[in-house]
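Engineer:
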Amino acid sequence: MSAVVRPDTTAAIVVYATLLCPFCHRAKALLRKKGVSFTEIDVGMDAQKRAEMTERAHGRYTVPQIFVGDTHVGGCDDLYALEDAGKLDSLLGGS
Numbered sequence: 330m331s332a333v334v335r336p337d338t339t340a341a342i343v344v345y346a347t348l349l350c351p352f353c354h355r356a357k358a359l360l361r362k363k364g365v366s367f368t369e370i371d372v373g374m375d376a377q378k379r380a381e382m383t384e385r386a387h388g389r390y391t392v393p394q395i396f397v398g399d400t401h402v403g404g405c406d407d408l409y410a411l412e413d414a415g416k417l418d419s420l421l422g423g424s
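Numbered according to this note's numbering, the sequence shown spans residues 330 to 424.
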């Protein structure tokens, strides 16, 4: 369920998600469209991973929660807002 980050990506991308979450699927689709690899952590049935996500996300418990390196992007809407503002590529290490 995890993938290795591409060599030209400067930071590891982590997506905390659940299997049936449509927002998770939408966020992952955008990352795939951008051509970046990411590590997906399924928190659906794993209370320990869910607690890890919530701690990393400063109390946010909804999915997805997306991180680029140490930067907490937030959820799906936050990811798309960065894309719409033209800031996602630079965050992902692209052009």
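By construction, the Cβ of each residue, glycine as well, lies at the ideal position given by its N, Cα and C atoms.
Kindly indicate which residue of Leu421, His354, Ile342 has the alpha-carbon position closest to the one of Asp406.
Structural biologist: Sequence index remark: in the sequence shown, residue 406 carries index 77 (1-based). Nearest C-alpha to Asp406: His354.
Engineer: Residues in its own chain within less than 6 Å of Tyr390 by CB, not counting five upstream and five downstream?
Structural biologist: Within the sequence shown, residue 390 is the residue found at index 61, counting from 1. These residues qualify, in order along the chain: Thr383.
Engineer: Could you tell me which residues DSSP pairs with Val402 in its beta bridges?
Structural biologist: The residue labelled residue 402 in the question sits at position 73 within the sequence shown. According to DSSP, which records beta bridges pairwise, Val402 is partnered with nothing at all.
Engineer: Alpha carbon to alpha carbon, how far is Phe367 from Arg361? Give it in angstroms, no decimals.
Structural biologist: Residue mapping note: residue 361 aligns to position 32 of the sequence shown, counting from 1. Residue mapping note: residue 367 aligns to position 38 of the sequence shown, counting from 1. If I take the Cα positions, the gap works out to 9 Å.
Engineer: Can the beta-carbon of Ala356 be found closer than 8 Å to that of Leu408?
Structural biologist: In the sequence shown, counting from the first residue as 1, residue 356 sits at position 27. In the sequence shown, counting from the first residue as 1, residue 408 sits at position 79. Closer than 8 Å, so yes.
Engineer: Near Phe396, which residues of its chain fall below 6 Å by C-beta distance, leaving aside the five closest residues on each side in sequence?
Structural biologist: The residue given as residue 396 occupies position 67 in the sequence shown. Cβ-Cβ distances below 6 Å link Phe396 to Val343 in the same chain, with the five nearest sequence neighbours on each side left out; the list follows chain order.
Engineer: As a quick exercise: from Leu411, His387, Cys350, pick the residue whose alpha carbon is nearest that of Asp371.
Structural biologist: The count along the sequence shown starts at 1 and reaches residue 371 at position 42. Ranking Leu411, His387, Cys350 by Cα distance to Asp371 puts Cys350 first.
Engineer: Assuming contact is defined by CB atoms lying nearer than 8 Å, are Glu381 and Ala346 in contact in what I supplied?
Structural biologist: One-based indexing of the sequence shown puts residue 381 at position 52. One-based indexing of the sequence shown puts residue 346 at position 17. Not a contact, by the Cβ cut-off of 8 Å.
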